[in-house]
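With positions in the sequence shown counted from 1, the corresponding number in our numbering is that position plus 336. Backbone N, C-alpha and C define an ideal beta-carbon position, used for all residues, glycine too. None of these values were measured; they are calculated from a predicted model. Here's the structure, in structure tokens; my notes come after.
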Amino acid sequence: MKIQLHNTLTNRREDIDPENRGKIGFYCCGPTVYGPAHIGNFRTFLLQDVFRRVLEMEGYEVNHVRNLTDVDDKTIRQSLAEGMSLINFTEKWTKKFHADCERLNMRPPHGEPTATGHIQEQIDLIARLVDQDHAYAAQDGSVYFRIASFPNYGKLSNLDRRETQTQTTSSSGERNDADEYDRETVADFALWKAHKEEDGENAWDSPWGRGRPGWHIECSAMSIKYLGESFDIHGGGIDLCFPHHENEIAQSEAATGKVFARHWFHCAHLMVDGGKMSKSLGNLYTLEDLIQKGHTARELRYLLVSGSYRQPLNFTFEGLNAAKSALQKIDRATAKLCESGGLDSEGFRELTPRAPTGEMRFFEKSRADLCRDLNTSAALGNLFSSLKKLNANPPEEKDALIALSELATLLAALGIEPEFTASSSDSEIPEEIQKLAEERWKAKQSRDWPTADQIRNDLLEKGWKILDSKNGYDVEPK
Ligand SMILES: [Zn+2]
């Protein structure tokens, strides 16, 4: 099936792989390894993981490259503060990142290059830019990209041309050499940063003197090395669109004269409790924080991929509880379908997740949702309605096996692994329990709290608990 995705560059939904090559080069800006990644970072990485899985479901050969930023202002500052060498410090946080990715069931990228492992490639790219007058060395040995030399600067984020082309210093008149700077000011940005005392030992030799690469250049140098000067898709959080991605385009296209990434895939923000995430609000949750509160990585993954990537997603603990009950529904429905198909849990796990060349018989809508601009939210909605139909009218064994193979394919694309517990394989909730739960729900709707509480306690005594979410409830064994 054709796969389409919104392209930030053209502001249109476009076909992936219009030339039908069957191979996709996919570059993603990875984490800066100076602390644990938070759930906002993971929303982007998880949606990229789902996108890659959808490509693989449809038979594409994907070369997924995601870098590790292991030298920048933050990593240096923090490693010095902790009295560790930069390499030991960033290795510690890289390990933590990998452990989190594994728990979140993310497929590891095919390449995971580091900035410090590619200093020469970055120097070579900067030298190409200096040779062509797109970059210049300042007195102190820093090298800057000359934005005025690249008329297309701003094409990705549609910045006003005057804003981008007339300023070679920041609005305060200072030359701007920070890796990240105020979004309101655009300045020639640093490709190479001359060594300063606060960098400690972290410096490398270059034609312009000792120093270190600026942040932006690493993504151009590494994506070009592993995917070529022109490649298919570049992904990142929407906050990276400007200046980072704008700078990546400028320095790459100025150096090579070719279109850098053809398709730009940006994921919208994650909000927490309806507002911004920030350290000062104490809501920059990590996977570890949520596990300590009794949630699981599977629930977090489900919640973070359940909203369409183009819309901001609001993280709440109510949402995590709803993710839990949604997953239990999937577990129960899968177990029931396995019974019809005569498969045990092992047999289900061994099914090969690959979409058929023709249409799916039972889950085609969900598949189409994923292929049409990665609409994960619609895909899940349709998945539930297909499962409901199948569970209401259990198919014959032969059909059940087809449905199971399709289901395995879709769940693999979403990265959801059903859990088969004793309770989900004989998943029927006794009628008496269902009735009570329904009565309690009605009592709650009519704000009859005493009755609702009484029934909740009765259910607990019978060994069942109720999980409430915004639009309903679920019952599970205590
Ligand atoms: Zn990047």
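{"Asked": "Please determine, among Ile462, Pro367, Lys410, Gly395, the residue with the shortest C-alpha to C-alpha distance to Lys431.", "Found": "Pro367"}
{"Asked": "I need the straight-line Cα distance from Arg348 to Leu710, nearest angstrom please.", "Found": "14 Å"}
{"Asked": "How about the region 742-753 and the region 381-400: do they share at least three Cβ pairs that are nearer than 8 Å?", "Found": "yes"}
{"Asked": "Since Pro549 and Ile455 should fall inside the 8 Å C-beta cutoff, what is the C-beta to C-beta distance between them, to a whole number of angstroms?", "Found": "7 Å"}
{"Asked": "What is the DSSP secondary structure of Ala662, reduced to helix, strand or coil?", "Found": "helix"}
{"Asked": "Does DSSP put His599 in a helix, a strand or coil?", "Found": "strand"}
{"Asked": "Within the same chain, show all residues whose beta-carbon is closer than 7 Å to that of Ile339, passing over the 5 residues directly before and after it, in chain order.", "Found": "Ile352, Val390, Leu391, Glu394, Cys707"}
{"Asked": "Can you list, in chain order, the residues of its chain with a C-beta nearer than 6 Å to that of Thr504? Leave out the 5 residues immediately preceding and following it.", "Found": "Legend: pLDDT at Thr504 = 44, less than 50; position of this residue unreliable, no value from coordinates given."}
{"Asked": "If we count the other Cβ atoms within 10 Å of its Cβ and call it buried at 16 or more, is Phe425 buried or exposed?", "Found": "buried"}
{"Asked": "Tell me the rounded alpha-carbon separation between Ser421 and Arg668.", "Found": "50 Å"}
{"Asked": "Is it the case that the CB of Gly677 approaches a heavy atom of ligand 1 more closely than 7 Å?", "Found": "no"}
{"Asked": "For the alpha helix (DSSP H) that contains Leu737, what are its first and last residues?", "Found": "733-750"}
{"Asked": "Could you check whether Phe651 and Val608 sit closer than 8 Å to each other, using their CB atoms as the reference points?", "Found": "yes"}
{"Asked": "For Ile765, which three-state DSSP category applies?", "Found": "coil"}
{"Asked": "Is His580 near ligand 1, in the sense that its beta carbon is under 7 Å from a heavy atom of that ligand?", "Found": "yes"}
{"Asked": "Can you list, in chain order, the residues of its chain whose CB lies under 6 Å from that of Ser566, leaving out five sequence neighbours each side?", "Found": "Lys594, Val595"}
{"Asked": "List the residues that DSSP assigns as beta-bridge partners of Ile802.", "Found": "Val811"}
{"Asked": "Distance check for Thr670 and Leu795, CA to CA, integer angstroms please.", "Found": "25 Å"}
{"Asked": "Going by DSSP, which residues form a beta bridge with Arg646?", "Found": "Paired residues: none, contrary to the question."}
{"Asked": "Rounded to whole angstroms, what is the Cα-Cα separation between Asp762 and Asp810?", "Found": "Low per-residue confidence applies at Asp762: pLDDT is 43, beneath 50, and the placement is therefore not dependable, though the value from the model is reported in the following sentence. Their backbone Cα atoms lie some 16 Å apart in a straight line."}
{"Asked": "Taking 8 Å as the threshold (C-beta atoms), are Ser478 and Trp821 in contact?", "Found": "This structure does not reach residue 821, given that the chain is present from 337 up to 814, and the question cannot be answered."}
{"Asked": "Could you pull out every residue in the same chain whose Cβ sits closer than 6 Å to the Cβ of Gly573, ignoring the five residues on either side in sequence?", "Found": "Thr380, Cys603"}
{"Asked": "For a quick check, are the C-beta atoms of His458 and Ile553 less than 8 Å apart?", "Found": "The question names His, but residue 458 in the sequence shown is Gln. Result yes, Cβ atoms of Gln458 and Ile553 sit closer than 8 Å."}
{"Asked": "Pro549 bridges to which residues according to DSSP?", "Found": "Trp528"}
{"Asked": "At a threshold of 7 Å, does Cys365 count as lining ligand 1 (C-beta to nearest heavy atom)?", "Found": "yes"}
{"Asked": "Given Phe699, which residues of its chain have a CB within under 6 Å of its CB, disregarding the five upstream and five downstream residues?", "Found": "Ser722, Glu742, Leu746"}
{"Asked": "Quick test of your reading: Arg598 and Asp568, contact by CB under 8 Å. State the CB separation rounded to the nearest angstrom.", "Found": "6 Å"}
{"Asked": "One question on the structure: do Ala590 and His470 come within less than 8 Å of each other, judged by their Cβ atoms?", "Found": "yes"}
{"Asked": "Quick one: does the C-beta of Cys555 sit closer than 7 Å to a heavy atom of ligand 1?", "Found": "yes"}
{"Asked": "On the DSSP letters alone, give me the boundaries of the beta strand (DSSP E) that Val407 sits inside.", "Found": "Note, Val407: premise wrong, no beta strand (DSSP E); not H, not E."}
{"Asked": "Put Thr426 into one of helix, strand or coil per three-state DSSP.", "Found": "helix"}
{"Asked": "Apart from the five residues on each side of it in sequence, which residues of its chain come closer than 7 Å, Cβ to Cβ, to Arg637?", "Found": "Leu382, Leu440, Asn441, Gly751"}
{"Asked": "Output the distance between the C-alpha atoms of Ala715 and Ser642, rounded to the nearest integer angstrom.", "Found": "9 Å"}
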